[in-house]
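**Student:**
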Amino acid sequence: MKRFQRQKWLLTASCLSLLAIGPALAEDQNPLSDEIIITATKKAVGVNIFKAPLAVTAFGEAQLEALHVTDLESLSYSVPNVSLDDIGTWRGAANFSIRGLGINSSIPSIDPTVGVFTDGLYLGISSGVVLDIFDLERIEILRGPQGILFGRNVTGGAVLLHTKKPTNEFQASFKTAIESGLRGTGDNYYLMGALSGPIIKDKLLARISTFYNKDEGYFKNYEGGPAFGQPDAFSTFGKAKTFMVRPSLVFTPNTDLEFILRFEYGDSKGDGPAAQSHRNGSGIANPIADFDRKGFDFSINEDGLYDSNWNQLISETNWHVGLGQGVVTNIAGFRRYNNKTRADIDASPRELFSSDTQTKQNQLSNELRYAGRFADRLDLTTGLYAFTQRIAYQESRNIFDGFLTFFGGGVQRQDTYGAFAQGDYDLSNTLTFSLGGRYTYESKRVNIATVTLNTSPCNVIDDTCPIDFTDKDSWSNFSPKIGLTYTPDERINVYGHWTRGFRSGGYNLRSTTPLTAPGPTGAEKIDAFELGLKARPGQKLRLNAALFYNDIANLQREINLPDPRVGVLQIIRNTANASIWGFEGEAQLSASDNLTLFASLGHTNGQYDKVLFDLNGDLVVDDVDKALKIPRLAPWTYSLGFVLTQAWADMGTISLQSNISYRDSAFYTDNNLGTLNSATMVDFTLGLTTKNQMTVSLYGKNLLNEATHGGDTQLPNSLGGGTFAPLNKGRVLGLELKVDFQ
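If you're matching positions, the sequence shown starts at -17 in our numbering and goes up one per residue.
(1) Just curious, the alpha helix (DSSP H) that D607 is in, first and last residue?
(2) When DSSP labels each residue in this structure, what does T323 get in the three-state scheme?
(3) Along the chain, where does the alpha helix (DSSP H) containing G42 start, and where does it finish?
(4) So, using beta-carbon positions, are S281 and Y204 closer together than 8 Å?
(5) So what does DSSP say about N641, is it helix, strand or coil?
(6) N312 bridges to which residues according to DSSP?
(7) Within a Cβ cutoff of 6 Å, which residues of the same chain sit near F245, ignoring the five residues on either side of it in sequence?
(8) Suppose the cutoff is 8 Å on Cβ atoms and the five residues either side in sequence are ignored; what does the same chain contact list for Y620 look like?
(9) For F132, name the three-state secondary structure that DSSP assigns.
(10) Whole angstroms are fine: how far does the CA of T494 sit from the CA of K454?
(11) Hey, quick one: how far does the beta strand (DSSP E) through D184 stretch, first residue to last?
(12) Quick one: what's got a C-beta closer than 6 Å to N766's C-beta in the same chain, skipping five residues either side?
(13) How should I534 be labelled, buried or exposed, when 16 other C-beta atoms within 10 angstroms of its C-beta is the threshold for buried?
(14) Mark L305 as exposed unless 16 or more other C-beta atoms lie within 10 angstroms of its C-beta, in which case mark it buried.
(15) Report yes if the CB atom of G74 is closer than 8 Å to the CB atom of D67, and no otherwise.
(16) How far does the beta strand (DSSP E) with M633 in it extend, from its first residue to its last?
(17) If we require 3 or more residues per run, which beta strand (DSSP E) segments fall completely within the region 57 to 125?
(18) When the Cα of S217 is compared with those of Q371, L715, P331, which residue comes out closest?
(19) Report the option in V310, V714, I373, L709 whose CA atom is closest to the CA atom of T71.
(20) For V428, which option in Q307, D383, A403, G488 has the closest C-alpha, if you only look at C-alpha atoms?
(21) Leaving aside the five residues before and after L594 along the sequence, list all residues of the same chain whose C-beta is less than 7 Å from its C-beta, in chain order.
(22) Enumerated in chain order, which unbroken segments of the beta strand (DSSP E) with a length of 3 residues or greater are wholly contained in the region 397 to 482?
(23) Which word fits M663, buried or exposed, when buried means at least 16 other C-beta atoms lie within 10 angstroms of its C-beta?
(24) Can we say the region 24 to 40 touches the region 614 to 632, given the rule of at least three CB pairs closer than 8 Å?
(25) Cα separation between D114 and D53?
(26) Can the beta-carbon of E506 be found closer than 8 Å to that of H479?
(27) Can you list, in chain order, the residues of its chain with a C-beta nearer than 6 Å to that of I562? Leave out the 5 residues immediately preceding and following it.
(28) I believe S79 touches G138 by the beta-carbon criterion, under 8 Å. Please report the beta-carbon distance rounded to the nearest angstrom.
(29) Is L577 closer than 8 Å to A159 when the C-beta atoms are compared?
(30) Would you list, in sequence order, the uninterrupted beta strand (DSSP E) runs of no fewer than 3 residues that lie entirely inside the region 642 to 689?
(31) When DSSP labels each residue in this structure, what does Q724 get in the three-state scheme?
(32) Cutting at 7 Å between CB atoms, please list the residues of its own chain near N726, excluding the five before and the five after it.
(33) Would you report the Cα separation of H302 and T237, rounded to the nearest angstrom?
(34) For L715, which option in A34, P127, D169 has the closest C-alpha, if you only look at C-alpha atoms?
(35) Which residue from Y477, T387, F723 puts its Cα closest to that of D406?
(36) Under the rule that 16 or more other beta-carbon atoms within 10 Å means buried, what is G265, buried or exposed?
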């Protein structure tokens, strides 16, 4: 242990010692030097992030390259009060949390609290979200409810992904990378390329980008397990392959009209979760699979799998009109996602509990909006939205090596319609009044086969399972927003607002007990108050800060409880009314022409005000439940870092970026027995960019080798106790080559 601690500090010291590189380079080589233009306000033109009256962190292309962002989880420690975690039950299932509002399950019918949008297309389920991303122009992470402009299911916030558009000049890029944990296991290979340019100059532009990833496996699966006298016998685990292609077209018949068409196909498959069992919150450890929760060891007999594919088509039309010098925008999108999985849920080398799932999802949506400015005082955005989706989910459970088998799932159809408007009126040169609102109507219809009622093989997707629950329901909501923005000069932006958020009611397609109906749950509503400050005192320093208070009614939760017969019960209910409050701040200092320092700090606190459901499973709703902590609420987050650049003779530019980020531990389950580790992440990138646009980078992620988990499900004593806790990767070192052609 002492040797390991010395290695941790030596690695950290080695990275920080690189600060000795002297200064002397132009600021335009610094990936943090420019303000980013964002489109989160949905105005006629993009807005400088400093002028946007909301808490938003944006990453441009240069920053994403410097951070070696390959999926959204790569940014999980980079933004205050934000967690972008993959739950790990299968790859790609998002359990995002912002300001203490998140979800805790892979059930596809659960509506998220953090909405994810790709080029304006809302991703209707949480599966298929935390997969590889590439060829991006920027990512915008919005903190706090965004319901006026983005609709329901954004009570925590929203994540906006913007892919690169075709260019009017020929451009090409190629990037390849290799990563390794230096653990005696497999390496991880990346290959990316993009080609862009005009088919008809100024009229028809095209772009195509491709991505390939082959992960040979990071983890060691100690198959026999220490209990079998083979502590050093392991197999490489965590293999995966991903391929994506994204062609796009831009057609501009005249200066007032633009058509953008984007298509994406993806296929990703590999091993199931690296499931670790450690001592659970009740103090019970599985005698044949008891591992250190701060380490990466595990032992399972079922490798499992995930096999997902998707395709999506997004059409965007922008029509510049004379009315208010505005823009009429229409975004229509279609997405199809399919996924099959298998997982070793007992997380041990015995066949005690394995699960197979299948998900099929189709969605179609359209948003038509107008944005313009009138009398040089009023910015108006208004629009209509429609969304329809079908989710089919099948699950089977194998308990005690087939002694018990269960089958079930469900089909859900939903339709959503919305109308929204927001106006920002300049009362004076320094004071702007904002008023907005959105009306939403949503209906859902379900056919559900309860898992425990079907012990013979059947499949909901193939319509061979008997349906025991059929229902439909609808919800409507009006969400208003009132705010003020004060800008005494170009260096100060003070804003405050109150808004109401709405998270749709719904059903549980993973119904595990006939004693509790799978729905419907009531809608979750949030009244959110925020006061923010953005300051630019001089040319060197940038400051952002926000205070927030959220009052949540009918909090929707996924109650996760061990069960001796089916392994785990998962019940979706409106569990409580709660309050969440806190603050966050971000700072960036250009210490010199070539050195930029940055830091962030976030704090979130919360409590239950009224409990509506038995949270700890003792069959009583009382003060014991009320005293529990809200899951996935990490009280403290912070980050510190720097970017340093320097000219190197006639070779080009050397850049060094390093940062340390911290996130507190948080509870995973509502009964507070499952927990998520605190973690301190140290990353670095050392790169050389030559004058002919070739970049070679050496980088490291999670240098302190911190062990983190996607979840911490508590297992019953009948399965030996312990946990199902899917592991994330630890320390990774990488080497990347990128070449740009213009």
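All C-beta atoms, glycine included, are put in the ideal place defined by N, C-alpha and C.
**Tutor:** By the coordinates alone:
(1) 605 to 608
(2) When DSSP states are grouped into helix, strand and coil, T323 belongs to the strand group.
(3) Careful: G42 lies outside any alpha helix (DSSP H), inside the beta strand (DSSP E) at 37 to 42.
(4) yes
(5) Note: N641 maps to strand in three-state DSSP.
(6) T299, L350
(7) Closer than 6 Å at Cβ, skipping near neighbours: P229, L295.
(8) P62, A581, S582, L583, G584, S643, Y644
(9) Of the three classes helix, strand and coil, the one that applies to F132 here is helix, per DSSP.
(10) 20 Å
(11) For D184, there is no enclosing beta strand (DSSP E), as DSSP gives it neither H nor E.
(12) It is not possible to answer for residue 766, since the shown part of the chain is limited to -17 through 724.
(13) buried
(14) Counting the other CB atoms within 10 Å of its CB gives L305 a total below 16, which places it among the exposed residues.
(15) no
(16) Taken as a continuous stretch (DSSP letters only), M633 belongs to no beta strand (DSSP E), as it is neither H nor E.
(17) Qualifying beta strand (DSSP E) stretches, in chain order: 64 to 68, 76 to 80, 96 to 100, 118 to 125.
(18) P331
(19) Closest option to T71, Cα to Cα, is L709.
(20) G488
(21) N556, T557, A558
(22) 413 to 431, 451 to 468
(23) So M663 counts as buried.
(24) Not touching, per the Cβ criterion.
(25) Taking the straight line from one Cα to the other gives about 5 Å.
(26) Not a contact, by the Cβ cut-off of 8 Å.
(27) Counting only residues of its own chain and dropping the five nearest sequence neighbours on each side, I562 has a CB closer than 6 Å to the CB of G82, N532, G588.
(28) 6 Å
(29) no
(30) 661 to 672, 676 to 683
(31) In this structure, DSSP gives Q724 a state outside helix and strand, which the three-state scheme calls coil.
(32) For residue 726 there is no data in the structure shown, the boundaries of the chain being -17 and 724.
(33) 8 Å
(34) Ranking A34, P127, D169 by Cα distance to L715 puts D169 first.
(35) Y477
(36) exposed
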